[in-house]
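Peer 1:
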Amino acid sequence: MSGNDFKSVELKPLQVYILFHLRRANIDYAKSIARTLKMEQQEIEKVLKELEDMRFIERTHGSAIKRSEARFKLSHEVRKHHTYYGLTKDGEHTIRSIRDDFSEYLAHLTGCNVTFPILQFFRMAGCEHAGVVARAFSMRIDECRELLAKLVQLGLLVYCDSKVLKRKHRKAKAKKETRTHHRYYRLSRLAEMLLRYAD
2 MSGNDFKSVE LKPLQVYILF HLRRANIDYA KSIARTLKME QQEIEKVLKE LEDMRFIERT
62 HGSAIKRSEA RFKLSHEVRK HHTYYGLTKD GEHTIRSIRD DFSEYLAHLT GCNVTFPILQ
122 FFRMAGCEHA GVVARAFSMR IDECRELLAK LVQLGLLVYC DSKVLKRKHR KAKAKKETRT
182 HHRYYRLSRL AEMLLRYAD
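Each residue of the sequence shown is one higher than the last, beginning at 2 in our numbering.
1. Would you grab the beta carbon distance between Tyr160 and Tyr185 for me? Rounded to a whole angstrom, and I think it's under 8 Å.
2. Quick check: the Cα distance between Gln121 and Arg141, rounded to an integer number of angstroms?
3. Mind the definition here: the stretch 45–59 touches the stretch 98–113 only if three or more C-beta pairs lie below 8 Å; say whether that holds.
4. Just grab the DSSP bridge partners of His109 for me.
5. Within the same chain, show all residues whose beta-carbon is closer than 7 Å to that of Met40, passing over the 5 residues directly before and after it, in chain order.
6. Are Leu157 and Ala135 touching if we call contact CB-CB under 7 Å?
7. Looking only at DSSP bridge pairs, what is Arg136 linked to?
8. According to DSSP, is Gly156 helix, strand or coil?
9. Roughly how many angstroms separate the alpha carbons of Leu196 and Pro118, rounded to a whole number?
10. At what residues does the alpha helix (DSSP H) containing Asp91 begin and finish?
11. Indicate whether Thr89 and Glu59 have their beta-carbon atoms separated by less than 7 Å.
12. From Gln42 to His22, what does the alpha carbon distance come to, in whole angstroms?
13. Ignore the nearest five residues each way along the sequence and tell me which others in Val115's own chain have a CB closer than 7 Å to its CB.
14. With H, G and I counted as helix, E and B as strand and the rest as coil, what does DSSP make of Leu12?
15. Which value, in whole angstroms, describes the spacing of the CA atoms of Phe57 and Leu20?
16. So, is Glu129 buried or exposed, given that buried needs 16 or more other C-beta atoms within 10 angstroms?
17. Give me, in chain order, the residues of the same chain whose beta-carbon lies closer than 7 Å to that of Gln16; leave out the 5 immediate sequence neighbours on both sides.
18. Expressed to the nearest angstrom, what Euclidean distance is found between the alpha-carbon atoms of Phe123 and Ser189?
19. Name, in chain order, the residues that DSSP records as bridge partners for Ile28.
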C-alpha cells in the first residue's frame, strides 16, 4: 500500500472516525464508540462490520481485557461482555496516511480544496449560513450551497433548528441575537470528534 491509501479506497467520515478512535483506544467495542459519538449502537455495529470486511479492523480474542489493552477502560481488568475490535496493520497504515494529510482526505472526499478550512471555520463560528461561508472563502453561492449539502449528507454538518440564534451560537457575528431567515449549519458531533483527532 502507498502513503496515500485513502485514495485507493473510499472511506466515509464515520469509518475514518472509528479508525481514529481505535488508534487512540487500542481496542474498543460498539456500545462505547456509539456513546462517544451519541449515535445508535446498530449504526456503529454496521460500520464495524464494513471495516472488518475491508480488513482494516479485527476482533480481539480472549475472555478478559486488561486496561493496558483497552486504554479507555477505567478498571484494571474486565471480563469480556462485548465484541472488542482493534486495528490491523492495514488499518493502522491507512489511518496514519489520513491523519498525516487530513485536509487532502477531505478534498478528495468532497472534490473541494477548502473543505478542511470550512470545517475549521464552523468550529470557530458555531452556526452560520451559506452566504457568509461563500464570502469568507471567495466561493460562488451555488457552489458553496452544494458543498454544504454534501457535508450534511456525509454527516459532517447538521442544520441549526432554532428560529432565533444567540450570540454564543453564532460567533462570527457580534450580534446579540439573529432571526434565522437563512438555512444555518453547524458541525455535527462526528465532525467535532474528527477535527479533535486530526489535530
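Glycine is no exception: its CB is placed at the ideal position from the N, C-alpha and C atoms.
Peer 2: On the basis of the coordinates in this document:
1. Residue mapping note: residue 160 aligns to position 159 of the sequence shown, counting from 1. Residue mapping note: residue 185 aligns to position 184 of the sequence shown, counting from 1. That belief holds up - the Cβ atoms of Tyr160 and Tyr185 are roughly 7 Å apart, short of 8 Å.
2. Here residue 121 is taken as the residue at index 120 of the sequence shown, counted from 1. Here residue 141 is taken as the residue at index 140 of the sequence shown, counted from 1. Each residue's Cα considered, the two are about 19 Å apart.
3. no
4. Taking the first residue of the sequence shown as 1, we reach residue 109 at position 108. BP columns for His109 are empty, so no partner.
5. Against the sequence shown, residue 40 aligns to sequence position 39. Cβ neighbours of Met40 beyond the five flanking positions: none.
6. Against the sequence shown, residue 157 aligns to sequence position 156. Against the sequence shown, residue 135 aligns to sequence position 134. No, they are not a contact pair.
7. As a first step, residue 136 is located in the sequence shown; it is residue number 135 there, counting from the start. None; Arg136 has no bridge partner.
8. Taking the sequence shown and counting its residues from 1, the one referred to as residue 156 is at position 155. It is coil, neither helix nor strand.
9. As a first step, residue 196 must be located in the sequence shown, where it is residue number 195. As a first step, residue 118 must be located in the sequence shown, where it is residue number 117. Approximately 11 Å, taken between the alpha carbons.
10. Translated into the one-based positions of the sequence shown, residue 91 becomes position 90. First-last of the alpha helix (DSSP H) with Asp91: 90–101.
11. Counting from 1 along the sequence shown, the entry for residue 89 is found at position 88. Counting from 1 along the sequence shown, the entry for residue 59 is found at position 58. Yes, Cβ-Cβ distance for Thr89 and Glu59 is below 7 Å.
12. The count along the sequence shown starts at 1 and reaches residue 42 at position 41. The count along the sequence shown starts at 1 and reaches residue 22 at position 21. Between Gln42 and His22, the C-alpha separation is close to 15 Å.
13. The count along the sequence shown starts at 1 and reaches residue 115 at position 114. Correct list, in chain order: Phe138.
14. Looking up residue 12 in the sequence shown gives position 11. Coil, per DSSP.
15. Translated into the one-based positions of the sequence shown, residue 57 becomes position 56. Translated into the one-based positions of the sequence shown, residue 20 becomes position 19. Spanning the two alpha carbons is a distance of roughly 8 Å.
16. Locating residue 129 in the sequence shown gives position 128, counting from the first residue. That one is buried.
17. In the sequence shown, the residue the question calls residue 16 occupies position 15. Same-chain partners within the cutoff: Val48, Glu51, Leu52.
18. Reading the sequence shown from its first residue, position 122 is the one you call residue 123. Reading the sequence shown from its first residue, position 188 is the one you call residue 189. In a straight line, the C-alpha of Phe123 is about 10 Å away from that of Ser189.
19. Stepping through the sequence shown from its first residue, residue 28 is reached at position 27. Per DSSP, Gly87.
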